[in-house]
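Numbering-wise (full-length UniProt numbering), the sequence shown opens with residue 1 and increments by one.
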Amino acid sequence: MSEPLILGIESSCDETGVGIVRGDQLLANEVASSVDLHARFGGVVPEIASRAHLSAFVPTLQRAVAAADVDLAEVDAIAVTAGPGLMGALLVGISAAKALAAHLGKPLYGVNHLVGHIAVDLLDHGPLPMPALALLVSGGHTSLLHVRDLARDIEELGSTIDDAAGEAYDKVARLLDLPYPGGPVIDRAAADGDPAAIRFPRGLTARHDLEKHRFDFSFSGLKTAVARWVETARLEGREVPVGDVCASFQEAVADVLVAKTLDAARQVGVGTILLGGGVAANSRLRGLLEERAAAEGVAVRRPRPGLCTDNGAMIAAVGLTAVRAGLPPSSLDFSALTGLPVNRIVV
């Protein structure tokens with residue numbers, strides 16, 4: 001029996017993604033980003049994102065079909081992001097997926113965006129050893145997930161209680177007059193700085209915080225600490241050492257993420273950690289996690305950078321997982337769920 005051909009559609013935020021997989025083989029992964037449209041605002045504007053998806057979907061689909069060298073009629077199933085994400089943006093992708101499913105007579109799976117950041121790794125490295133721990137770090141999410149069964153059993157151990165790590169990067173970049181998005185810019189600037197120059201706080205790591213928020217994250221206080229340090233330096237007429245600020249800020253973020261991830265890995269007894277999401281491309285986070293995990297005999301996996309950011313291939317990978325597990329497809333009356341919990345893999 002041949003492997004299923006799955007079409008994946010992603011439109012949860014500012015990337016319009018269409019991916020096509022045949023089993024674990026990635027045939028196409030086309031992405032149209034609207035990030036340049038949001039840059040002047042320093043963050044994603046939901047209405048602009050929705051309109052960009054409307055304009056980009058058909059050309060992106062056409063490019064993906066051409067790259068995969070398949071006909072839409074050959075597709076065995078369609079998967080689309082049902083949540084979490086921006087309501088208007090999600091609805092564009094869902095509407096397109098429903099139209100395609102109805103026209104082609106194919107089963108449709110409304111799937112969880114966060115699970116996509118885990119599932120996409122199978123396109124690079126094959127099946128993820130179970131159980132495993134996933135650290136997902138992006139502009140909108142910072143989560144620790146205990147993955148017992150990718151299709152049926154994922155538990156959220158912790159998440160951000162305020163700003164996600166990616167949001168903190170964007171906000172710190174803005175106060176340093178650096179361009180949006182902040183993640184890659186700060187990572188590059190940090191290469192010229194001293195990570196020990198400024199001791200910024202490590203959120204939710206004090207003993208009293210760990211009692212209630214052992215595996216949760218908070219970066220709002222860190223962002224505020226950076227803002228106060230920069231403001232004080234400017235008021236005193238000192239030049240702000242951008243490289244040192246970026247390196248010290250980035251060290252604080254990576255230190256907290258890695259410490260809590262390894263604590264969770266020890267707690268649930270897993271031997272593999274998956275690092276996913278857009279911030280997974282960050283050099284310091286990746287290096288520190290690999291270094292500390294290796295010291296504890298824990299393996300670290302990470303999809304290639306092009307599969308870390310939002311894309312259609314990751315949604316196709318979730319669809320593939322659902323089909324292989326025999327999960328029933330979604331009914332055509334499902335809607336976008338902006339706060340879809342990670343334990344709901346298919347809606």
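Ideal Cβ placement from N, Cα and C applies to all residues, glycine included.
Please read all numbers here as calculations on a predicted model, not as lab measurements.
Beta-carbon proximity check, residue i vs residue j, cutoff 8 angstroms
i      : j      : result
Phe334 : Val323 : no
Phe217 : Lys171 : no
Leu340 : Pro84  : yes
Ala28  : Ala67  : yes
Ala317 : Leu122 : yes
Asp80  : Ile94  : Looking at the sequence itself, residue 80 is Val, so the reference to Asp does not match. It is a contact, given that the beta carbons lie within the stated cut-off.
Leu136 : Leu114 : yes
Ala168 : Phe200 : no
Gly23  : Leu320 : yes
Ser34  : Ala49  : yes
Leu90  : Ser12  : yes
Glu10  : Asn311 : yes
Where residue i falls: helix, strand or coil (DSSP)
i      : result
Thr321 : helix
Gly105 : coil
Val300 : strand
Phe57  : helix
Thr224 : helix
Thr309 : coil
Asp76  : coil
Glu156 : strand
Thr81  : strand
Residue span of the beta strand (DSSP E) that contains residue i, given as start and end
i      : result
Ser143 : 142-149
Ser33  : 25-33
Arg22  : 15-22
Gly8   : 5-10
Asp121 : Neither: Asp121 is in no beta strand (DSSP E) and is coded neither H nor E.
Leu133 : 132-137
CB contact check: residue i to chain D, cutoff 8 angstroms
i     : result
Thr81 : Protein chain content of the structure displayed is limited to a single chain, and chain D is not contained in it.
Assigned exposure category for residue i - 16 Cβ within 10 Å defines buried
i      : result
Gln250 : buried
Glu30  : buried
Pro179 : exposed
Arg40  : exposed
Ser55  : exposed
Ala173 : buried
Asp149 : exposed
Met223 : The sequence shown places Lys at residue 223, rather than the Met named in the question. Lys223 comes out buried.
Whole-Å CB distance - residue i paired with residue j, under 8 angstroms assumed
i           : j      : result
His38       : Val45  : 6 angstroms
Val226      : Leu175 : 7 angstroms
Val120      : Pro303 : 5 angstroms
residue 353 : Val256 : The chain is shown only over 1 to 347; residue 353 falls outside these bounds and no answer can be derived.
Leu274      : Leu128 : 6 angstroms
Endpoints, the alpha helix (DSSP H) within which residue i is located
i      : result
Glu167 : 165-175
Leu262 : 242-268
Gly203 : Premise fails: Gly203 is in no alpha helix (DSSP H) and is neither H nor E.
Ala280 : Element bounds for Ala280: n/a, residue is neither H nor E.
Asp187 : 182-190
Distance cut-off 7 angstroms: residue i Cβ against heavy atoms of the ligand FMN
i     : result
Ala82 : This structure lacks the ligand FMN, and indeed carries no ligand of any kind.
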